[in-house]
Every structure is written in structure tokens, then in C-alpha cells.
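Numbering (this note's numbering), first residue to last: 19 to 246.
The structure is reproduced here in C-alpha cells:
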């Protein structure tokens, strides 16, 4: 899934894996003021990017990043699916030219908001496949299949944009619950189990910029080599 982000004042297109890797690199290079087992805070440069992060709670996983204030999606756009319920919100009315959101809809009879192009994102396809019970200008709701996916959504508000989707409940690489976020120069992280995944850049213990125990996969390998 393509994700338009702002880096060094330039709009570039990144996929979700690139943003996750960028977040891992950010966490690895963070000056941790304090981190103990499951949570901590640190600092980094103020910009580039202004916002960046990933989050996961059991079977729901997502990410967020800095985005253009006004683009194809307008300045505000939200779409969320939970089980069979779908909610849509856009500003200006009707959303972008090819996001699947109409200006008006009643009992899935739609009017306006689209340009007929075929190339759309998975979020636009979700809106097109949804039975819209009602939609008027800026907001609406509908229903879709209860699974595949169970959770899916996106939110854009000015220069902040986030996506979320269904994921495995417990992943060895990431853990079962975490949040890793950057806002301006402030870095915060919460992980469960302690230290998060094997290669996420999150330490287990750190203080005043010194990582006491990183908890990364390399540490385990080094300990095993030392014992042998």
C-alpha cells in the first residue's frame, strides 16, 4: 500500500514496510532518557519527519507518518472497518477523485464524488464494495463482509496520516502489543513483552542515552558465543 509522506519538505511515496523500517532505524538511533522493561521516553531531531510511528494491539496493527496537508484525499479523510461496520468521513465533501467516496448515497445508490478511474487503493476498493446505508457530503456509514479483513482503516487530518489493519495476534518479530512514536523531538515507546521484538530497535534497559541492555537478537547471539 503506497503512503505519501513528507521528508525534508519533499513529498515521496513509501510503502508500509519502508515506514516500518524507518521507524526501526529511528528507535535504534534514539537517545533514550529512560527505558525500563516495557516503556520509556527519548529524544531525536525535531523534524524529518515531524510524525512517525507504528503501533499494535493484539490482532490490530498500524502506522502513522507525516503527510501533505492537502492532496488527493483532501485535508481530512477517515475510513474504518470493524467487523461488518464501515464508517466514512471526508472534507471537502466527496473526498478525492478516486477514493470510492460519493457526495451522496442512500441504500447504496450513489451520486457524485468519483471520476471513474480504475486504479484505486485497497481503502478505496473497500468503500466501493461497501453497501452504503447513507452518506451526505462529509460523512456516512455502511456495512460490508464481517471478515477479510476484520479491521481496516485510514485517517488523515492535515499533515498527520495513519493506517491500521488486521495482523497476527502475537508475532515473534514485534511482540503482541507495542507503540513506537515520534512527535517533533519526543520519542515514546511501550512494548509487551519487555523489549518488544527481536529487531525493533527498542531496548530493555536504558538511561541518559546509554543502552544497558538492548534485548536485540544480536545480544542473544553474542551471549551464546561467549558461553561456548
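A virtual CB, placed ideally from N, CA and C, is assigned to each residue, including glycine.
Taking a C-beta distance under 8 Å as the contact criterion, residue 57 and residue 208 qualify as a contact pair.
Per DSSP, the continuous beta strand (DSSP E) segment holding residue 107 begins and ends at 103-109. Counting C-beta pairs closer than 8 Å gives three or more between the stretch 107-127 and the stretch 141-156, which meets the contact rule. In this structure, DSSP gives residue 118 a state outside helix and strand, which the three-state scheme calls coil. According to the DSSP assignment, residue 190 belongs to no alpha helix (DSSP H), since it is labelled neither H nor E.
In this structure, the alpha-carbon of residue 94 lies about 9 Å from that of residue 87. Residue 62 and residue 200 have their alpha carbons spaced roughly 8 Å apart.
For residue 220, the number of other beta carbons within 10 angstroms of its own is at least 16, and it is reported as buried. Distance from residue 96 to residue 112 at the Cβ level is roughly 14 Å; contact not present, criterion being Cβ atoms closer than 8 Å.
Taking C-beta separations shorter than 8 Å and ignoring five residues to either side along the sequence, the partners of residue 78 in its chain run 169, 182, 183, 184, 185, following chain order. Beta-bridge pairing by DSSP links residue 171 to 98, 182.
Note that the C-beta distance between residue 118 and residue 145 is below 8 Å. Shown here, residue 91 sits in coil according to DSSP, grouped into three states, outside any helix or strand.
By the CB criterion at 8 Å, residue 41 and residue 205 fall outside the cutoff. Bounds of the beta strand (DSSP E) holding residue 199 are 195-201. Per the coordinates, the alpha-carbon of residue 44 lies some 16 Å from the alpha-carbon of residue 222.
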